[in-house]
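Presented below is the structure to which this report refers.
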Amino acid sequence: MARGRIRAKLRSGLYTFSCTSAPKKPVEFDELQGPGFSRVVPCNDPLLYKYRSNSTSTTKYNPLTFLPIALFEQFNRVANIYFLIAAILSVTPYGPYNPISAIAPLAFVVGLSMAKELLEDWKRFLQDWKVNTRPAYVHDGNGSFESKHWKDIKVGDVVKVERDKFFPADLLLLSSNYDDGICYVETMNLDGETNLKVKRALDVTLELDNDLAFQDFKATIKCEDPNPSLYTFVGNFEYDTKIYSLDPSQILLRDSKLRNTPYVYGVVIFTGHDTKVMQNSTRSPSKRSRIERKMDKIIYILFSLLVAISLISSLGFAYLTKNKMPDWWYLHAPDDKDLYNPDKPSKSGLYHLVTALILYGYLIPISLYVSIEIVKVLQAGFVNQDMHMFHEETGTPALARTSNLNEELGQVDTILSDKTGTLTCNQMDFLKCSIAGIPYGHRTNEVERAAVRRMSMDLDAEDFDHFSSGDSSIDEEVELETVVTSDNQEHKRPIKGFSFEDNRLTSGCWWKLPNPDLHHLFFRLLAVCHTAIPEENEETGGYTYEAESPDEGAFLIAAKEFGFEFFKRTQASLFVREKDPSSKEPVEREFKILNIMEFTSKRKRMTIIVRDEKGEIVLFCKGADTIIFDRLSEKGRTFEEATTKHLSDYGEGGLRTLVFAYKKLEEDEYSSWNDEFQKAKNSVSSNRDDMLEEISDKMERGLFLVGATAVEDKLQQGVPQCIDTLAQAGLKIWVLTGDKMETAINIGFSCSLLRQGMHQICISTKDMLANDSMQNTKSDILTQITDGSRMMKQEKDPDAAYALIIDGKALTYALDDELKHQFLHLAVGCASVICCRVSPKQKALVVRLVKEGTGKTTLAIGDGANDVGMIQEADIGIGISGVEGMQAVMSSDFAIAQFRYLERLLVVHGHWFYKRIAQMICYFFYKNVAFGLTLFYYEICTAFSGNSVYDDWYMILYNVAVTSLPVMSLGVLEQDVSSEICLEFPALYQQGPKNLFFGWYRIIGWICNGVYTSAAIFYLTMLIFTTQPFRGGGQTPDMSVVGATMFTCIVCAVNTQIALLLNHFTWIQHCFIWGSVIVWFAFLIIYGVILPETSTGSYQVFVETLAPTPIFWMTLFLVIIASVLPYFIHAAFLRSFYPEDHHIIQEIKYYKKHVHDRRMWRREKRKGRHSAKIGFSARVDAKMKQLKGRIQKKGAHLAPQEML
């Protein structure tokens, strides 16, 4: 505890900007603009005012709303509305079928879908229940704290939160176990940042540092109303008749976590859905795929066709009833129900319209929805069982949490991704450095190694002599220090945060190098210039570091490996074990801390002033290269040119760079400056921070350059390769992060969304004055957007690439109704987009803008609670089960363990799912049109009698037994190409976003194919059977024979059609297709032996009548050929003269050209990759051009293998 208190005092006493405790004036609410300021919080008296409870819910339904909402969603499907009407009409005397045959399928379809929705929402409810029943310690009013569930916490309650626990609500920090009331907070779930934030209580409440102190505690908080802004807070704290101003540095937000602090006390300000994190969340939406929505339009077309032929039937029946039926004495017209009354033809025609609407209902297949539901569940099973997306380290498989959106995976246009925990794995690695103008670190990144390897292959193919002058006197080698690999070095155990490889420094002999004093100073800078806290690991005896910046952690690990271990921090000193060159033994040295000037996004540098053991005062500074170089003295620029070159090389590799400098101070110089600094620090004027910055800037001048570092923001495994494949598949990728702009840009380079030579359009508010009006700010943002659009429009280089980078404050204005369309137009034209410092609400708004503005499919992917809003807003939400908890997963449509699995999920499964579902739906409409229209044709031939040519059991079996399994095998197992080919030819994915297989051309084509097939089957059968004798006695066939023959032709024709449609056959497809035909014949045989009372006209129809008759088999063969011949000719014509990409690949694989003609195979693979301006390959291509340029320039004879 004592150690913690010392540590706390150090923090608050030394930080010079955001964490100082300068007095503040109370806020006058009348002067404020923006949200309301009506909230009054009586501290320690939660019953005085009634606010929303702390219980939260992310479910779509509750017990009262499930039935009405779920039914409403089901009957949003047009076909379900039709079948509901048909089911109601079937109970009337005008229905041609038994009512149960219409009601049962509808109840089954709707019930199955509702049960699936209920199961998915139940899982969300369980997750909510788990959060709402978390325990928390709440003051009971008697000086003690009792455990309560989160849901029972009220506004005004005093809460005690212990280390590594989440804050249960938005709290005002009252005190902590540290004397000056600071605590460390991790906000990963809110903004994705892993850096710890420092929060500090008001000085007036520091005395409330134990349980008993709250027994008589009373105070009042007046503050802003609930709002989604994570980074602002305005309010006053009334205590002991005095008023104190509050700001965000005292607010602890729900779902952030207490770190490195044993406990804190806080009073609840906002609860439940009033908390800022919940204000940033959105309700769970009901999502429908584009194909499903388009399917509704097809239903409208078929319904229009149904109404049209029903009206024709009705009008024809009314005409015949009036003019012909009096002559048909055997009908005994009129009947008692006026179903056919020559005296009332209009009424009879109206009744017949009802009969026709039900009779022709097979045009609209109700089984389509059931089949799609089953197929999608089976498809989701393939995702869940895909071992290529199984993460062995955590034992986490991919998970399809909903199957409604499978085909959407194959139509994605834009991916919007979180950064921390999604692209990165929250780890910085020290990779390279430059000291006194000498570069160190041989380890290369993937871009550099891939560039050399690919250049090697190209040179082998094009003859390397082309790049050589042939002059043997040339012995210069191309400088490829950036592409030297470490394959020959001894294998060492990896050190987390340290991937540096260079024996010149790691061997401990650095004092033998040139400028050893500067090397010593550089290592000392790494170990001293920081704000981290060491924590000893009792098991290993080593130290871990809690740093506000991940870079600092990597620097301290590097310093330790170089022999300079930071191991202790007290109120006023830092302690470092330095390796002494003379004794080669570590020596403990103390550095007394005089001042710390912290790093901010505005300053872009951090400075510490210390006094060493010799009594000398030294200033150590680290920061961005442009900032440090501007502050160097004339004598301190000795190594500037060399260091600048090294920084450029590091930047090309996507590494994060910082420059290190120092300055020695005289005692008088420092004393004079410190007096001025302390005076400004204790000032209460409104421009206090500006004064501090000005005084700090004076001291941070005249520096001497020491060196630079390059750290790698460790990406998750396979992220660059995944982004590369997705870019080559034609997908656009946006990154939405809560990180600072500089961090986001570095990550953009690391994952190849940015590269050297790419034009960056940066839109921000950082250069605007604080007192600028909202209108002026909006106007400035519009100007920046317009300038960016003009720059892109005037660009003449076709290979030029632009990246848009915008910060959160600028994005607030860019998302305004007046600017959002211009902003979207600019963003869509850029190769990549990075949005920084965005709140969860802004993430969701950006996704909505892209989704609604472009009208194309969006996919959002993230791993934290701050990503829930955008995951729910996007057409498809992907949750990553990472280190930030399961909130994103529980709100997602699909869950994966790593970002790299998105490549296979989209390019393989998405491509397959889209084509399967699209072809399945088209074929489904084809087979139902082919069947349903034969009923209409029969009606025409029978005076619109309202009867069917088929037995009732035939019609029931059509969609249940004899055509259902083949079409489901198409939806589950069809593959145009293998998974390996999908990944080798990512451009195949564009068939989905371009909707090549579910456009109106294909849909109308399949419907027309169905119309033709129905006509061919009916009229060929009728033509043959009407004029030809069927029995030995010369009799023509009766209706039962014609119906059985015609139905047999339909079953065989549609199953032959699906056999022609399939690209990929397994034994399952063969069993389903030909098995369905066999099932039909088996049914005819079995049904035919049942007593005539049941089988009616079908009694022995096959065994005794059809099978022995040659004309039946000849008709069957002729009709099948006639039905599928047009499709066969059309498909052969397209493959021969207008082949699609997958057709060419199929033929190459079939004829094994990929084995015998590798040149052609490589050429086709290049064609199979979408031309992208971002991604790993784009950067490699740029690196290849650079390396080839070096070779041509120097004319070296260096072989590509030697480069490697």
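Quick note: the sequence shown uses the working numbering, first residue 5, plus one each step. Glycine included, every Cβ here is placed at the ideal spot set by N, Cα and C. If you're wondering where the values come from, they're calculated on a predicted model, not measured in any experiment.
CA nearest to the CA of residue i, picked from the options
i	options	result
Leu130	Phe1022, Glu550 and Ser895	Ser895
Val1015	Gly1047, Tyr930, Asp955 and Asn951	Tyr930
Leu707	Lys685, Ala665 and Met874	Ala665
Trp1084	Asn1059, Arg607, Ile1011 and Leu992	Asn1059
Phe948	Ala360, Phe218 and Val715	Ala360
Ile613	Asn678, Thr1109, Gln1104 and Ser652	Asn678
Arg573	Leu853, Ile597 and Asp897	Ile597
Asp743	Asn58, Asn193, Arg81 and Asp183	Asn193
Val953	Gly873, Thr1030, Ser1044 and Ala934	Ser1044
Arg609	Glu978, Thr535, Gln682 and Glu620	Thr535
Three-state secondary structure (DSSP) of residue i
i	result
Cys1056	helix
Met432	strand
Ser675	helix
Leu662	strand
Met1188	helix
Cys726	helix
Leu359	For clarity, residue 359 is Thr in the given sequence; the question names Leu instead. The answer is helix: DSSP assigns Thr359 an H, G or I state.
Phe1087	helix
Glu888	Since pLDDT at Glu888 reaches only 49, below the 50 mark, its modelled position is unreliable, and the value read off the structure follows with that caveat. Glu888 falls in the coil class under three-state DSSP.
Glu190	strand
His392	helix
Cys437	strand
Val159	coil
Ala153	Checking the sequence shown, residue 153 turns out to be His, not Ala. Note: His153 maps to strand in three-state DSSP.
Pro590	strand
Trp1004	helix
Ser1080	helix
Asp693	helix
Arg759	coil
Leu200	strand
Trp333	helix
Ile1094	coil
Val387	helix
Ala899	strand
Leu529	helix
Strand pairing of residue i, partner residues [DSSP]
i	result
Ile612	Ile600 and Phe624
Thr224	Pro46 and Glu242
Ala807	Gln764 and Ser836
Ile499	Phe502
Pro443	Ser438
Asp174	Phe274
Leu719	Thr428
Phe570	Val580
Lys668	Val622
Glu550	Ile537
Neighbour flag for residue i against chain D, beta carbons, 8 angstroms
i	result
Val358	Given the protein chain composition of this structure (a single chain), no chain D is represented.
Whole-Å CB distance - residue i paired with residue j, under 8 angstroms assumed
i	j	result
Ile884	Ala901	7 angstroms
Lys718	Thr510	About 20 angstroms; that fails the 8 angstroms criterion.
Ala563	Phe527	6 angstroms
Val374	Val113	5 angstroms
Ser260	Lys155	19 angstroms between Cβ atoms; not a contact.
Cys839	Leu740	5 angstroms
Lys436	Ala646	Contact flag wrong, Cβ pair sits at about 14 angstroms.
| query | Can you list the beta strand (DSSP E) stretches of 3 or more residues lying completely in the region 235–280, in chain order? | reply | Listed in chain order, they are 239–243, 246–250, 261–263 and 267–274.
| task | Would you list, in sequence order, the uninterrupted alpha helix (DSSP H) runs of no fewer than 4 residues that lie entirely inside the region 103–142? | result | Correct list: 103–136.
| Ordered list of alpha helix (DSSP H) runs contained in the region 60–88, each at least 4 residues | Here the runs fully enclosed are 70–78.
| field | Entirely enclosed alpha helix (DSSP H) segments - the region 1104–1159, minimum 4 residues | value | DSSP runs (the alpha helix (DSSP H)) wholly in the region 1104–1159: 1114–1141 and 1145–1154.
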